[in-house]
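In UniProt numbering, the protein residues as written are 1 to 144.
Notes to accompany the following structure.
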Ligand SMILES: Nc1nc2c(ncn2[C@@H]2O[C@H](COP(=O)(O)OP(=O)(O)O)[C@@H](O)[C@H]2O)c(=O)[nH]1
Ligand SMILES: [Mg+2]
């Protein structure tokens, strides 16, 4: 990660987006809280939730802020400053092909709210343990 990405407070911000139920909160739960348990889905929840983790990155104590989006409305992003995000995780579910297709509209929304065209984006194909239910092949994801 480029040095210039660190702000004066050594905070790095990431947002995780994608269709409901693709496993965004589960990924965050596993990384932030090191919990193997997938969280219980709460369909009624709407808005953004921010999770924090302190890590040592390139010898610096760094605060990671991971923004989790609850709800299916990309307009939610308009309420938050995505312009200062250091990275965007775009998550789809390999057992639900429409969740990959819908990422295109998420990307368009992100472009509306992100002035930094260069904000790094990472595509994540989740639920790969459900191999027998897979409907998106790995190569399809890699093409995007
Ligand atoms: N089998 C499997 N289930 C998962 C995985 N990740 C999440 N889930 C389940 O998928 C559902 C939705 O997960 P959640 O993290 O709430 O999705 P979100 O709406 O995108 O935040 C829950 O029932 C999770 O237990 C995974 O990698 N494998
Ligand atoms: Mg969630």
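Quick reminder that beta carbons are idealized off the backbone N, C-alpha and C, glycines included.
Next item on the list: Taking residue 113 and residue 103 to be in contact with their CB atoms under 8 Å, please state how far apart those CB atoms are, rounded to whole angstroms.
Entry: Indexing the chain shown from 1 puts residue 113 at position 113. Indexing the chain shown from 1 puts residue 103 at position 103. The C-beta distance from residue 113 to residue 103 rounds to 15 Å, too long to meet the 8 Å contact threshold.
Margin query: From the DSSP secondary-structure annotation, give me the bridge partner or partners of residue 65.
Written below: Within the chain shown, residue 65 is the residue found at index 65, counting from 1. According to DSSP, residue 65 bridges with 13 and 52.
Checklist line | Whole-number beta carbon distance between residue 16 and residue 66, since they are thought to touch under 8 Å | finding: Numbered from its first residue, the chain shown carries residue 66 at position 66. Numbered from its first residue, the chain shown carries residue 16 at position 16. That pair is a contact at about 7 Å.
Check: CB of residue 15 to nearest heavy atom of ligand 1: below 8 Å?
Finding: Locating residue 15 in the chain shown gives position 15, counting from the first residue. For ligand 1, not one heavy atom lies less than 8 Å from the Cβ of residue 15.
Next item on the list: In the DSSP assignment, find the alpha helix (DSSP H) that holds residue 71 and state where it starts and stops.
Entry: Walking along the chain shown from the start, residue 71 turns up at place 71. DSSP places residue 71 in no alpha helix (DSSP H); its state is neither H nor E.
Margin query: Within 10 Å of its beta-carbon, does residue 13 have 16 or more other beta-carbons around it, so buried, or fewer, so exposed?
Written below: By one-based count along the chain shown, residue 13 stands at place 13. Around the beta-carbon of residue 13, 16 or more other beta-carbon atoms lie within 10 Å, marking it buried.
Notebook entry, point to check: Excluding five sequence neighbours on each side, which residues of the same chain lie with their C-beta closer than 6 Å to the C-beta of residue 49?
Noted result: Indexing the chain shown from 1 puts residue 49 at position 49. So the qualifying residues of the chain are 68.
Next item on the list: Identify every residue that forms a DSSP beta bridge with residue 126.
Entry: Against the chain shown, residue 126 aligns to sequence position 126. In DSSP, residue 126 forms a bridge with 93.
Margin query: Which residues does DSSP list as the beta-bridge partners of residue 57?
Written below: Locating residue 57 in the chain shown gives position 57, where the first residue counts as 1. Paired residue(s): 60.
Note to self: Rounding to the nearest angstrom, what Cα-Cα distance links residue 123 and residue 58 in this structure?
What the structure shows: Position 123 of the chain shown, counting from 1, holds the residue named residue 123. Position 58 of the chain shown, counting from 1, holds the residue named residue 58. Answer to the nearest angstrom: the Cα atoms are 24 Å apart.
Notebook entry, point to check: Got a sec, what are the start and stop residues for the alpha helix (DSSP H) residue 102 sits in?
Noted result: For the purposes of this step, residue 102 is identified with residue 102 of the chain shown, where counting begins at 1. That residue, residue 102, is in no alpha helix (DSSP H); it is neither H nor E in DSSP.
Check: Run through DSSP, which three-state label would residue 18 get?
Finding: Locating residue 18 in the chain shown gives position 18, where the first residue counts as 1. Coil.
Margin query: Using the three-state DSSP reduction, which class does residue 87 fall into: helix, strand or coil?
Written below: Position 87 of the chain shown, counted from the start, is the residue given in the question as residue 87. Residue state, collapsed to three classes: strand.
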